[in-house]
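**Q** Mind looking over this structure? Questions follow.
Numbering (our numbering), first residue to last: 1252 to 1556.
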């Protein structure tokens, strides 16, 4: 959860080009609230990057990366401020539940705390990070609550994206593998004379360890090489065709059943479309809010030079 605040992790490094004194300098102010070097150090530790890493040396990070990281931190600050105004809070139980879920990846909490110590972090720091993440998550959820998708929008998306909902033709096949072309022709000839496919499959079990392996279940023809797939399409349901040359020999194939290519109905995909459009509208709502928030905020950056 907290790691969502770190992406992309390497962007964290660039901010150190703004730093250089022993105190905790302010790297930005958002509506009077400071983002400090200490905040950056915590993020670096979460990402597992040491302060003395060669990656932090001046000149190793592009200015665009510095700006992206700073934007990320400013955006978080704006969300936390807005959440406070809306009285969005998280209680201790929520924080501890999230913390305990993280600890589950380890055999015991002591192992997790040892890992934190190796990174230069403490449980208190982690709990504070979790609290921030939960608040930010709730704030984003509050923005998306007003999002809705009409039936007209759902149907419009469906009509304009029919190819997306296409389902390829499917077949259920039974296969006999012959050791050579002559054997394959002999098998097919006996089937044409009236021998059952199942009887011949038992008689010529090449490549199979048991009867159950002869049937494919429902598959699409892109499972096979193009030439083989083309030959299979010419076989009528309930009949056998071949010999058909494959990668590993010759085959006699019976088409047990077919499901024709189709377009899934609107009712089949409506729920998925609604989820997709709702998610997109939620992202758009957040970006719109963020644009306005940054426009109206007082954001102070350190002077260069």
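Beta carbons: idealized from backbone N, C-alpha and C, even for Gly.
Here the structure is a predicted model, which means the values were calculated and not measured.
Could you spell out where the beta strand (DSSP E) holding residue 1508 opens and where it closes?
**A** Residue 1508 -> beta strand (DSSP E) spans 1500-1510.
**Q** Which first and last residues belong to the alpha helix (DSSP H) in which residue 1470 is found?
**A** Counting along the chain, residue 1470 falls outside any alpha helix (DSSP H), though it belongs to the beta strand (DSSP E) covering 1466-1471.
**Q** Comparing alpha-carbon positions, which option in 1295, 1499, 1353 lies nearest residue 1432?
**A** Ranking the options by Cα distance to residue 1432, first place goes to 1499.
**Q** Can you say whether residue 1381 is buried or exposed, counting buried as having 16 or more other CB atoms within 10 angstroms of its CB?
**A** Classification for residue 1381: buried.
**Q** Measuring CA to CA, which of 1407, 1383, 1483 is closest to residue 1424?
**A** Taking only the C-alpha atoms, the option nearest residue 1424 is 1483.
**Q** DSSP three-state call for residue 1553: helix, strand or coil?
**A** In this structure, residue 1553 counts as coil in the three-state DSSP scheme.
**Q** Identify whether residue 1286 lies in helix, strand or coil by the three-state DSSP scheme.
**A** Residue 1286 falls in the strand class under three-state DSSP.
**Q** Can you pull the DSSP bridge partners for residue 1424?
**A** Answer by DSSP bridge pairing, in chain order: 1506.
**Q** Is the beta carbon of residue 1397 less than 9 angstroms from the beta carbon of residue 1529?
**A** Against a cut-off of 9 angstroms, the Cβ pair of residue 1529 and residue 1397 comes out as no contact.
**Q** On the CB-based measure, 16 or more other CB atoms within 10 Å of its CB, does residue 1417 come out buried or exposed?
**A** Flag for residue 1417 reads exposed.
**Q** Tell me, please, whether the region 1377-1392 touches the region 1470-1480 by the rule of three or more beta-carbon pairs shorter than 8 angstroms.
**A** These segments do not touch.
**Q** Apply the 10 Å Cβ neighbour rule to residue 1357 and answer buried if 16 or more other Cβ atoms are within range, or exposed otherwise.
**A** Exposed: under 16 other Cβ atoms inside 10 Å.
**Q** Along the chain, where does the alpha helix (DSSP H) containing residue 1299 start, and where does it finish?
**A** Element bounds for residue 1299: n/a, residue is neither H nor E.
**Q** To the nearest angstrom, report how far apart residue 1542 and residue 1534 are at their CA atoms.
**A** Between residue 1542 and residue 1534, the C-alpha separation is close to 12 angstroms.
**Q** Count the other C-beta atoms from every protein chain shown that fall within 10 angstroms of the C-beta of residue 1413, then say buried if there are 16 or more, exposed otherwise.
**A** By the neighbour-count rule (16 or more Cβ atoms within 10 Å), residue 1413 is not buried but exposed.
**Q** Can you name the residues that DSSP bridges to residue 1279?
**A** In the DSSP output, where bridge partners are listed per residue, residue 1279 has 1286.
**Q** Under DSSP, the alpha helix (DSSP H) around residue 1343 begins and ends at which residues?
**A** Per DSSP, residue 1343 belongs to the alpha helix (DSSP H) from 1343-1354.
**Q** Using CA atoms only, rank isn't needed, just tell me which of 1333, 1524, 1406, 1407 is closest to residue 1388.
**A** Checking every option, the nearest Cα to that of residue 1388 belongs to 1333.
**Q** Do you know how far the Cα of residue 1526 is from the Cα of residue 1290?
**A** Approximately 36 angstroms between the Cα atoms of the pair.
**Q** Helix, strand or coil: how does DSSP classify residue 1541 here?
**A** Of the three classes helix, strand and coil, the one that applies to residue 1541 here is helix, per DSSP.
**Q** Name the residue from 1546, 1420, 1369 whose alpha carbon lies nearest to the alpha carbon of residue 1474.
**A** It is 1420 whose Cα lies nearest to the Cα of residue 1474.
**Q** Applying the criterion that 16 or more other CB atoms from any shown protein chain within 10 Å of the CB defines a buried residue, is residue 1366 buried or exposed?
**A** With fewer than 16 Cβ atoms within 10 Å of its Cβ, residue 1366 is classed as exposed.
**Q** Check this for me: beta carbons of residue 1329 and residue 1281, under 9 angstroms apart or not?
**A** It is a contact, given that the beta carbons lie within the stated cut-off.
**Q** Apply the 10 Å Cβ neighbour rule to residue 1494 and answer buried if 16 or more other Cβ atoms are within range, or exposed otherwise.
**A** The residue is buried, with at least 16 neighbouring Cβ atoms inside 10 Å.
**Q** Run through the DSSP bridge pairs and tell me what residue 1514 is partnered with.
**A** In the DSSP output, where bridge partners are listed per residue, residue 1514 has 1417.
**Q** Have a look at 1517, 1297, 1374, 1378 and flag the residue whose alpha-carbon is nearest the alpha-carbon of residue 1411.
**A** Nearest option by C-alpha distance: 1517.
**Q** According to DSSP, is residue 1219 part of a helix, a strand, or is it coil?
**A** The requested residue 1219 does not occur in the structure, where the chain is confined to residues 1252 to 1556.
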